[in-house]
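Undergrad: Protein chains in written order, with the working numbering: chain A, 163 to 277; chain W, 194 to 294. Where is the CB? At the ideal position from N, CA and C, for every residue including glycine.
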Amino acid sequence: MTPNEDHRPAFVTPLVDIETTDEGYVIRAEMPGVEKGGLELTVDNGELTMLGHRKQTELTAELIYREIQPHDFRRVYELDPSIDTTKLGAKIDAGILTVTLPKAETVKPRKISVQ
Amino acid sequence: MSIKTKINSSSSRSCHGLKKEEIEILLHDATLTISGERKHEGSSEQGFFTERFYGKFQRSLTLPTPVDPGKVKASYRDGLLQVVLPKAEEAKPKQIEVDLK
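1. Round the Cβ separation of proline 194 of chain A and glycine 272 of chain W to the nearest angstrom and send it over; I've been treating them as touching at under 8 angstroms.
2. Can you give the Cα-Cα distance for methionine 212 of chain A and valine 178 of chain A, rounded to whole angstroms?
3. Do isoleucine 258 of chain A and arginine 190 of chain A have their beta-carbon atoms positioned less than 7 angstroms apart in this structure?
4. Any beta carbon of chain W sitting closer than 7 angstroms to that of valine 178 of chain A?
5. Just the Cα atoms here: how many angstroms apart are tyrosine 269 of chain W and leucine 201 of chain A?
6. Using a Cβ-Cβ distance cut-off of 7 angstroms, determine whether alanine 256 of chain A contacts chain W.
7. Count the other CB atoms within 10 Å of the CB of leucine 263 of chain A; is the residue buried (16 or more) or exposed (fewer)?
8. Which residues in the same chain have their Cβ closer than 7 angstroms to the Cβ of alanine 281 of chain W, if we skip the five residues on either side of it in sequence?
9. Within 7 angstroms (strictly less), CB to CB, does threonine 248 of chain A reach chain W?
10. Take the Cβ of isoleucine 254 of chain A as the centre, count every other Cβ of all protein chains shown within 10 Å, and call the residue buried at 16 or more, exposed below.
11. Please report the straight-line C-alpha distance between valine 276 of chain W and lysine 266 of chain W, rounded to a whole angstrom.
12. Checking the sheet assignment: what are the DSSP bridge partners for glycine 200 of chain A?
13. Quick check on serine 205 of chain W: buried or exposed, where buried means 16 or more other Cβ atoms within 10 Å of its Cβ?
14. Quick check on lysine 264 of chain W: does DSSP put it in helix, strand or coil?
15. Report the option in W:Lys287, W:Pro279 and W:Thr255 whose CA atom is closest to the CA atom of aspartate 222 of chain W.
16. Taking CB distances under 7 angstroms as the criterion, tell me whether threonine 182 of chain A reaches chain W.
17. For glutamate 197 of chain A, return the contacting residues in chain W, with the cut-off set at a CB-CB distance below 9 angstroms.
18. Beta strand (DSSP E) containing aspartate 255 of chain A: first to last residue?
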């Protein structure tokens with residue numbers, strides 16, 4: 163993380179797993195502390211931006227130790243042109259964001275029957 | 194007053210991605226141990242890129258103050274585990290009135 167000296171928001175890069183199948187790609191990103199309403203997914207110019215805003219918990223006691231960065235999550239991916247960006251799907255469960263990126267019908271492997 | 198400890202980070206010792214039943218919290222004397230196991234979700238035979246941690250994890254903390262074991266509470270939400278351990282009565286500061294004569 164770069165120091166936040168110029169007041170630009172600081173972000174944490176979530177760890178991801180990416181799977182590929184014939185159908186497309188699945189990204190699983192670790193965003194603990196992010197609920198559905200805190201998610202912001204955008205596709206612009208062939209780039210997928212995953213933003214996860216953490217719900218800020220109010221401190222009811224004096225903080226004596228901190229390991230968890232309170233920053234929001236952000237990660238950007240350049241999308242393969244074969245992905246149909248109109249059919250992206252996303253869900254979040256137990257702090258894991260799952261984004262499904264289906265391939266366009268035209269690029270899926272097809273069996274061609276011989277006449 | 195109670196000590197609030199959030200056990201999580203983007204490190205491999207985090208609990209996110211688990212079900213509630215898959216996390217074990219154990220308090221033994223002054224040692225709090227949190228453990229569990231994260232299993233693979235995917236089943237892809239094709240390409241697979243992974244940064245995330247899978248497998249067993251465990252973390253132990255030694256508490257600086259005696260806690261009331263009957264009042265320990267844990268909650269798990271959005272992948273964050275929160276354990277609240279209220280201090281034992283005998284560990285709380287007491288005010289003693291002094292009569293000046």
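TA: Once the coordinates are examined:
1. 4 angstroms
2. 11 angstroms
3. yes
4. yes
5. 19 angstroms
6. yes
7. buried
8. Pro259, Val260 and Asp261
9. no
10. buried
11. 6 angstroms
12. Paired residue(s): none; glycine 200 of chain A is not in a bridge.
13. In this predicted model, serine 205 of chain W has a pLDDT of only 33, less than 50, meaning its place in the structure is not dependable enough to derive any value.
14. helix
15. W:Thr255
16. yes
17. Arg270 and Asp271
18. 251-255
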